[in-house]
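Beneath this line is the structure, given in structure tokens, with notes to follow.
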Amino acid sequence: DAGVIQSPRHEVTEMGQEVTLRCKPISGHNSLFWYRQTMMRGLELLIYFNNNVPIDDSGMPEDRFSAKMPNASFSTLKIQPSEPRDSAVYFCASRPGQGLAGDNEQFFGPGTRLTVL
Amino acid sequence: AQTVTQSQPEMSVQEAETVTLSCTYDTSENNYYLFWYKQPPSRQMILVIRQEAYKQQNATENRFSVNFQKAAKSFSLKISDSQLGDTAMYFCAFMGIQGAQKLVFGQGTRLTINP
Chain A
1 DAGVIQSPRH EVTEMGQEVT LRCKPISGHN SLFWYRQTMM RGLELLIYFN
51 NNVPIDDSGM PEDRFSAKMP NASFSTLKIQ PSEPRDSAVY FCASRPGQGL
101 AGDNEQFFGP GTRLTVL
Chain B
118 AQTVTQSQPE MSVQEAETVT LSCTYDTSEN NYYLFWYKQP PSRQMILVIR
168 QEAYKQQNAT ENRFSVNFQK AAKSFSLKIS DSQLGDTAMY FCAFMGIQGA
218 QKLVFGQGTR LTINP
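Line order of the protein sequences matches chains A and B. Count the first sequence with the numbering used here and you get residues 1 to 117, in order. Count the second sequence with the numbering used here and you get residues 118 to 232, in order.
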């Protein structure tokens, strides 16, 4: 298995532009998590999906952020409009369903480094 | 809400030495998981070791072991015979059994292994 795949790996954009980050979870995993890593706040959960349904989006900072999971193999995190304070590394992670082997472990993608100028 | 605290922002040791990274957490749950993740300069989050709270025996993975003190809510990581490749950020993380089962991370400890 290729692991969790994220694209792009790096994104540089200008303030006000729309940014879309993409994630492909490990096949067969039914939980997907989006995390953000910054120097100031460390690693924090933005949103969590279970079976493609958003379960907990309390970490989404504001309405400029939205996330979707149209099917079991794809999720997007969109920022519109982007601001310099959104600059961070965004990680996607997936986890097997409960009761399955490894269900207590989250597998992380390589992250997307976003820079908003 | 759960919190995780790593009180050592940076540590530095010589190659082959043993080093212990500290982590404390706060929760009202009785059963949960604790993890140590390694993040090298490549940014990849790599699971180092995990501990299930209902297991009294401390987890070990080759050179990595933990000292889990449930009553004290302490979960330290010991790296024996440290290697240059162990240089990285290390994050302690908590995951509850109930609810969203999200990972709650500490602020991290930057570990440098010197030759």
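Beta carbons are placed, not taken as given, at the ideal position from N, Cα and C, and that holds for glycine.
Residue i and residue j closer than 7 Å at C-beta
i	j	result
Met69 (chain A)	Leu46 (chain A)	no
Pro232 (chain B)	Glu169 (chain B)	no
Ile5 (chain A)	Lys24 (chain A)	yes
Thr13 (chain A)	Val116 (chain A)	yes
Ser87 (chain A)	Lys78 (chain A)	no
Gln161 (chain B)	Cys140 (chain B)	no
Ser146 (chain B)	Gly213 (chain B)	The question names Ser, yet the displayed sequence has Glu at residue 146 (chain B). Taking 7 Å as the Cβ cut-off, Glu146 (chain B) and Gly213 (chain B) qualify as a contacting pair.
Ser75 (chain A)	Leu114 (chain A)	no
Gly109 (chain A)	Asn30 (chain A)	no
Leu138 (chain B)	Leu194 (chain B)	yes
Ser129 (chain B)	Thr229 (chain B)	yes
CB contact below 7 Å: residue i versus chain A
i	result
Lys195 (chain B)	no
Tyr150 (chain B)	yes
Lys219 (chain B)	yes
Arg227 (chain B)	no
Between the CA atoms of residue j and residue i - distance to the nearest angstrom
i	j	result
Asp198 (chain B)	Val136 (chain B)	9 Å
Lys155 (chain B)	Glu18 (chain A)	32 Å
His10 (chain A)	Gln173 (chain B)	43 Å
Below-7 Å beta-carbon distance, residue i vs any chain B residue
i	result
Pro25 (chain A)	no
Asn104 (chain A)	yes
Phe108 (chain A)	yes
Tyr90 (chain A)	no
Gly97 (chain A)	no
Three-state class that DSSP yields for residue i in the structure shown
i	result
Ser86 (chain A)	One detail in the question is off: residue 86 (chain A) reads as Asp in this sequence, not Ser. Looking at Asp86 (chain A) - three-state DSSP - the assignment turns out to be helix.
Gly42 (chain A)	strand
Asp56 (chain A)	strand
Leu201 (chain B)	helix
Asp63 (chain A)	coil
Gly28 (chain A)	coil
Pro96 (chain A)	coil
Glu169 (chain B)	strand
Met206 (chain B)	strand
Residue-chain proximity (residue i, chain E), Cβ-Cβ < 7 Å
i	result
Gly28 (chain A)	Absent from the structure is chain E; the protein chains it does hold are A and B.
Open item on the list: Which complete beta strand (DSSP E) runs does the segment 171 to 198 of chain B hold, if anything under 3 residues is left out?
Closed with: 181 to 186 and 191 to 196
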